[in-house]
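J.: Before we start, here is the structure in question, set down as structure tokens.
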Amino acid sequence: LVSIKGPSDSAYDGGVFNLELFLPDDYPMTAPKVRFTTKLYHPNVDKLGRICLDILKDKWSPALQIRTVLLSIQALLSAPNPDDPLDHEVASHWKQNEQEALEKGTFWNKKKHFMFCYLLNFAKF
Numbered sequence: 001l002v003s004i005k006g007p008s009d010s011a012y013d014g015g016v017f018n019l020e021l022f023l024p025d026d027y028p029m030t031a032p033k034v035r036f037t038t039k040l041y042h043p044n045v046d047k048l049g050r051i052c053l054d055i056l057k058d059k060w061s062p063a064l065q066i067r068t069v070l071l072s073i074q075a076l077l078s079a080p081n082p083d084d085p086l087d088h089e090v091a092s093h094w095k096q097n098e099q100e101a102l103e104k105g106t107f108w109n110k111k112k113h114f115m116f117c118y119l120l121n122f123a124k125f
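In terms of UniProt numbering, the sequence shown opens at residue 1 and continues consecutively.
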């Protein structure tokens, strides 16, 4: 498991997002398998946490590092691409009303953060 911070210029600002990272036997010749374990509202991430990102598929190069993969995923949070979606429902929402979709992404992020803080404080008792 690895974690990335939500970019400050995005609906995911302030969030910490967990990812599952698996290195296949033939890595680095084959791209790592990466998926979010934290639920988020994003057109390029499906309900199972799978990520639509070219460097995880046909644009993979053995010269790329895990750091580059994580930075690319973080950049994807800043710049959703509803024209190449994994979640077509979210992508449709993004195309119809981008501002509303961004607000929903922010809401999910804040709700998750609030619940984490609540549980963290509850565990102290």
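The beta carbon of each residue, even a glycine, is placed where N, CA and C say it ideally should be. All values derive from a computational prediction rather than experimental measurement.
For residue 98 and residue 92, what's the separation of their Cα atoms in angstroms?
T.: Here residue 98 corresponds to residue number 98 of the sequence shown, with the count starting at 1. Here residue 92 corresponds to residue number 92 of the sequence shown, with the count starting at 1. Each residue's Cα considered, the two are about 9 Å apart.
J.: At which residue ranges does the UniProt domain "UBC core" (1 to 114) contain complete beta strand (DSSP E) runs of 3 or more residues, listed in the order of the chain?
T.: Segments of the beta strand (DSSP E) lying fully in the UniProt domain "UBC core" (1 to 114): 2 to 5, 16 to 22, 33 to 36.
J.: Is the beta carbon of residue 20 less than 9 Å from the beta carbon of residue 33?
T.: One-based indexing of the sequence shown puts residue 20 at position 20. One-based indexing of the sequence shown puts residue 33 at position 33. Yes.
J.: Does the region 40 to 60 come close enough to the region 77 to 95 that 3 or more CB-CB pairs lie under 8 Å?
T.: Yes: the two stretches touch, three or more of their Cβ pairs being nearer than 8 Å.
J.: Under 9 Å between the Cβ atoms of residue 55 and residue 68?
T.: Along the sequence shown, one-based indexing puts residue 55 at 55. Along the sequence shown, one-based indexing puts residue 68 at 68. Yes, these two residues count as a Cβ contact at 9 Å.
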